[in-house]
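Residue numbers (the numbering used here): 24 to 258. Ideal Cβ placement from N, Cα and C applies to all residues, glycine included.
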């Protein structure tokens, strides 16, 4: 899936460009959902493995429903991502100095959130789904598996939203940055020292914020030249 998305983005010639890159909301939402699925489905693997052992009938459909709920939780953030990309794309074109400070603020906020108890609570949920499995098994109704996927997805969203916020600085559809973030998220959730690693990532994010002040080129998603070039091509 990552390869497919990468090929589409490269074909459009929009590697890491600011804003919505001229896409309609529908196109943006589809691309966003595909990229979220490519990034985050590995995060549901531990829960899915436990779920498979517990479910005795209709495993395939129920696991698919679980995954669909998880993707739905992440895909629903596409509206926010579209608005943010559109607004900050305009800022990058019209007020580049402000754009730099927006990027700095995103990295500082992400770095500080990585150190909070809420981050650690959400990360613990994602790292240890066994404690929540009995709750999910207790769900009833035809949408119980979708509901379980959404619930787990919201915890993962709470764990990773700040990391996703730094995409403002790289370009919301920057595939290279998304691959890097996917690796960071995977290490946080699957490495035995993931909590320590998350704190290190927080410190690195704050350092990167300082780096942006010194060298704005490390935040290509708010490059005014890229925005203006895109607008000229569209004209």
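| task | Apply the 10 Å Cβ neighbour rule to residue 81 and answer buried if 16 or more other Cβ atoms are within range, or exposed otherwise. | result | Start at 1 with the first residue of the chain shown, and residue 81 comes out as number 58. By the neighbour-count rule (16 or more Cβ atoms within 10 Å), residue 81 is not buried but exposed.
| said: In this structure, how does DSSP classify residue 241 when only helix, strand and coil are distinguished? | reply: On the chain shown, residue 241 is found 218 positions in, with the first residue counted as 1. Helix, per DSSP.
| message | With H, G and I counted as helix, E and B as strand and the rest as coil, what does DSSP make of residue 254? | response | Reading the chain shown from its first residue, position 231 is the one you call residue 254. Residue confidence for residue 254 is low, a pLDDT of 43 falling below 50, so the modelled location carries little weight; the figure read from the coordinates is stated next. The three-state secondary structure of residue 254, taken from DSSP, is helix.
| query | If we ignore side chains and look at the alpha-carbon of each, how far apart do residue 183 and residue 175 end up? | reply | Numbered from 1 along the chain shown, position 160 holds the residue referred to as residue 183. Numbered from 1 along the chain shown, position 152 holds the residue referred to as residue 175. Distance between the alpha carbons of residue 183 and residue 175 is about 12 Å.
| C-alpha gap between residue 9 and residue 202, whole angstroms | Residue 9 falls outside the range modelled here, since the chain spans only 24 to 258, and no answer is possible.
| request: Please state whether DSSP places residue 120 in a helix, a strand or coil. | output: Along the chain shown, read from residue 1 onward, the residue named residue 120 stands at position 97. In the displayed model, residue 120 falls within a helix according to three-state DSSP.
| How big is the Cα-Cα spacing for residue 139 and residue 93? | The sequence position of residue 139 within the chain shown is 116, counting from 1. The sequence position of residue 93 within the chain shown is 70, counting from 1. In this structure, the alpha-carbon of residue 139 lies about 24 Å from that of residue 93.
| residue 242: buried (16+ other C-beta within 10 angstroms of its C-beta) or exposed? | As a working mapping, residue 242 is identified with position 219 in the chain shown. A buried status is given to residue 242, since no fewer than 16 other beta-carbon atoms sit within 10 Å of its beta-carbon.
| How many Å lie between residue 155 and residue 148 at the Cα? | In the chain shown, counting from the first residue as 1, residue 155 sits at position 132. In the chain shown, counting from the first residue as 1, residue 148 sits at position 125. Near 8 Å, if we compare the C-alpha coordinates of residue 148 and residue 155.
| C-beta atoms of residue 181 and residue 89 nearer than 8 Å | The residue given as residue 181 occupies position 158 in the chain shown. The residue given as residue 89 occupies position 66 in the chain shown. No, these two residues do not count as a Cβ contact at 8 Å.
| query | Where do the N-terminal and C-terminal ends of the alpha helix (DSSP H) with residue 48 fall, by residue? | reply | Residue 48 sits at position 25 when you count from the first residue of the chain shown. Per DSSP, the unbroken alpha helix (DSSP H) holding residue 48 starts and ends at 48-63.
| Do you know how far the Cα of residue 209 is from the Cα of residue 233? | To locate residue 233, count along the chain shown from 1; it is residue 210. To locate residue 209, count along the chain shown from 1; it is residue 186. Looking at the backbone, the Cα of residue 233 and that of residue 209 are separated by about 26 Å.
| What do you reckon, are the CB atoms on residue 133 and residue 185 nearer than 8 Å? | Along the chain shown, one-based indexing puts residue 133 at 110. Along the chain shown, one-based indexing puts residue 185 at 162. Residue 133 places its beta carbon less than 8 Å from that of residue 185.
| field | First through last residue of the alpha helix (DSSP H) which encompasses residue 184 | value | In the chain shown, counting from the first residue as 1, residue 184 sits at position 161. First-last of the alpha helix (DSSP H) with residue 184: 167-188.
| query | Taking Cβ positions, are residue 86 and residue 71 nearer each other than 8 Å? | reply | In the chain shown, the residue the question calls residue 86 occupies position 63. In the chain shown, the residue the question calls residue 71 occupies position 48. Yes. Within cutoff.
| field | Sequence-distant residues of its chain with Cβ nearer than 8 Å to residue 238 (five each side left out) | value | Start at 1 with the first residue of the chain shown, and residue 238 comes out as number 215. Excluding residues within five positions, none has a Cβ falling inside 8 Å.
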